[in-house]
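Take the sequence shown: its letters are residues 51 to 439, numbered as in the working numbering.
Notes to accompany the following structure.
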Amino acid sequence: MSRGLLLVGATIASFPGNGGIAWERLSWVLGFKRLGYDVVWVDQLGRGHCVHPAGAEPEGYANCVNIPWFERVVERFGLTGSVSLIGDEGESLSGPSFEDVLELAAGAELLVNPGGDLQHPELKRRARRAVYIDVDPGFTQLWLASGRPVPRIEGHDLHFTIGENVGTPVSDLPTSGIEWRHTRQPVVLDEWPFAEELAEPRFTTVGRWQGTGPHGSLDDIGAPFPQKGDELARVLDLPARTGLAFEIALDARGDDEPRRLLERHGWSVVEPASVVADPDSFRRYVQTSWAEFSVAKGTYVDTSTGWFSERTARYLASGRPALVQDTGFSRTLPAGEGLLAFRTLEEAVEGAGRIAADYESHRGAARRIAEEFFDSDTLLTRLLEDCLA
C-alpha cells in the first residue's frame, strides 16, 4: 500500500552523457520509492537548452538534450510512465503530459526539488508543501545576498542544504533570513554494493576544470572564488610526491591546456564520455577504481560550507576510500579512516600514504561511513519527518 504521493523535480535530461549527475538525481526518486511512496518525477529543461534530433548521441557533457539517452536511463531503472520531461514553458517532450502532471501534483504531499531544477511556478503551488534542496551551498547563499533574482529558490516553503555548516558559527555565509535545515545527498545502498574485487592502486575522480554555479557566475556579483582547476593546480605534484597513480575523467570544455598541465605532472587524464557516459558506466568506473582523490570548488572550501560530494559518497559505499579536500565536512563526518580530509599538499601526500599502508582497513571503514551517514532509507525518512511534522 502506498504511503502517499511525492513530486520530485530533478533534471538529468539537461546533462546527456553525464552518468554522475544521473545518479545524483535518480537517488532521490529511487530512494523515495524504496520507502513506499508513489513518485512523480518531473524533469524540466533549463532555458537555452536545445534538443538533439532523434537518434543523435551526446558528445561529452553537451548543452543539448538527447531524448533517446534520457529515455534509456528512465527505462533502465523501471521508471517509464512516471517521468515527465517538460520544456521551460511546460511543453511536454516525453512521458506524461504537463496537464496530467498538474492534476497529479494537486494530490502530492510534497514537492522535493533538489537544486531547484523544477522552476515552473504552477507545479510548485500545486503540492501541499514545496521543499528546496540546496546542493550548491555557498553559491546559493551568495546569490541570495546579492539581491539578484534566484528563480530556483522562489516559491518554496522549506529550505534544506547539504552544506551542514551553513547557518552555524562555522560558516560566515549570509542566510538572507532563511532557516536552512540540513541534510545529505542520499545513496541507495542496494544500487551501490561493496565492490569485492581488488583494483590496481589508482586514485580516480570525475570533474570539471572550471564552471559556473547553478545561478550564474559569482564573478558577476563581485564574489570571485577559485575554480576547481585552481584547487587542482595546487596539488599537481601528488604523483611525484607519493609514487602512486592518479587519474581524472576531466571535462575541460574543449580546452587542451588543463590536460597537458596534468599529464606533465604525471596524471592520467581520460574523457568523461569514454568512462562515465551513463549510470552503469559511472558505477563501473567508481567500483573498478582503488580510491578517490578529489579537490572541491573554492567556493565550497573558502566559505566552510561543509559541502560533501555525492560522488564521493558512492566511492565510500563501494568500499573505495576517499581522500578529498576539506570544505568543513570533517566537523560532521568521521574523517580519518576510510574518509580522509586534506587542506594542503602535504596533508594530501600524508593521506595517500596512509591509505596505501593499510588499504583493507580503509576499505571497510569507507563502507561503514556510507551505511551510517548516507543511506537513503535513513536520510530520506528523516527529511520527510522534518517536512511533514
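Glycine included, every Cβ here is placed at the ideal spot set by N, Cα and C.
Keep in mind that this is a model prediction, so the values were computed, not measured.
Return the CA-CA distance between residue i and residue j, expressed in angstroms with no decimal places.
i           : j           : result
residue 206 : residue 149 : 21 Å
residue 175 : residue 169 : 11 Å
residue 442 : residue 373 : This structure cannot speak to residue 442, because the chain is shown only from 51 to 439.
residue 427 : residue 72  : 19 Å
residue 195 : residue 87  : 36 Å
residue 433 : residue 247 : 34 Å
residue 165 : residue 187 : 10 Å
residue 68  : residue 391 : 26 Å
residue 83  : residue 89  : 6 Å
residue 377 : residue 402 : 18 Å
residue 283 : residue 387 : 26 Å
residue 227 : residue 183 : 16 Å
residue 145 : residue 91  : 10 Å
residue 360 : residue 328 : 16 Å
residue 249 : residue 291 : 21 Å
residue 400 : residue 330 : 33 Å
residue 147 : residue 140 : 9 Å
residue 133 : residue 127 : 11 Å
residue 181 : residue 158 : 12 Å
residue 171 : residue 138 : 11 Å
residue 348 : residue 318 : 23 Å
residue 105 : residue 260 : Unreliable positioning characterises residue 105 in this predicted model, as indicated by a pLDDT of 46, which lies under 50. The coordinate reading is nonetheless provided below. Cα-Cα distance, rounded: 30 Å.
residue 363 : residue 413 : 13 Å
residue 192 : residue 51  : 43 Å
residue 311 : residue 280 : 12 Å
residue 219 : residue 294 : 38 Å
I think residue i touches residue j, with their Cβ atoms under 8 Å apart; what is that distance to the nearest whole Å?
i           : j           : result
residue 419 : residue 366 : 5 Å
residue 301 : residue 322 : 5 Å
residue 235 : residue 424 : 7 Å
residue 336 : residue 368 : 6 Å
residue 143 : residue 79  : About 18 Å; that fails the 8 Å criterion.
residue 70  : residue 244 : About 20 Å; that fails the 8 Å criterion.
residue 255 : residue 342 : 5 Å
residue 513 : residue 375 : Here the chain comprises residues numbered 51 to 439, so residue 513 is not present and cannot be evaluated.
What residues match up with residue i in a beta bridge as DSSP calls it?
i           : result
residue 300 : 257
residue 71  : None, per the DSSP bridge assignment.
residue 357 : The partner list for residue 357 (beta bridge, DSSP) is empty, contrary to what the question assumes.
residue 144 : 135
residue 87  : Answer is none; residue 87 lacks a bridge partner.
residue 163 : 182
residue 231 : 210
residue 342 : 254 and 372
residue 320 : 299
residue 216 : BP columns for residue 216 are empty, so no partner.
residue 392 : 375
residue 101 : 115
residue 94  : 136
residue 55  : 88
residue 237 : 425
Beta-carbon separation of residue i and residue j under 8 Å?
i           : j           : result
residue 76  : residue 160 : no
residue 370 : residue 344 : no
residue 296 : residue 253 : yes
residue 58  : residue 162 : yes
residue 225 : residue 213 : no
residue 421 : residue 239 : yes
residue 154 : residue 179 : no
residue 93  : residue 152 : no
residue 398 : residue 288 : yes
residue 299 : residue 320 : yes
residue 63  : residue 115 : yes
residue 81  : residue 438 : no
residue 95  : residue 53  : no
residue 242 : residue 211 : no
residue 258 : residue 278 : yes
Does the CB of residue i have a neighbour CB from chain C at under 8 Å?
i           : result
residue 177 : The chain inventory of the structure shown lacks chain C, comprising one protein chain alone.
Can we count residue i as close to the ligand MG, meaning its CB is less than 7 Å from some heavy atom?
i           : result
residue 385 : Absence of the ligand MG is noted for the structure shown, with no ligands found whatsoever.
| said: When you compare the segment 348-361 with the segment 373-393, are there three or more beta-carbon pairs, one atom per stretch, that lie closer than 8 Å? | reply: yes
| said: I'd like to know if the segment 183-201 and the segment 116-129 are in contact, where contact means that at least 3 CB-CB pairs between them fall below 8 Å. | reply: no
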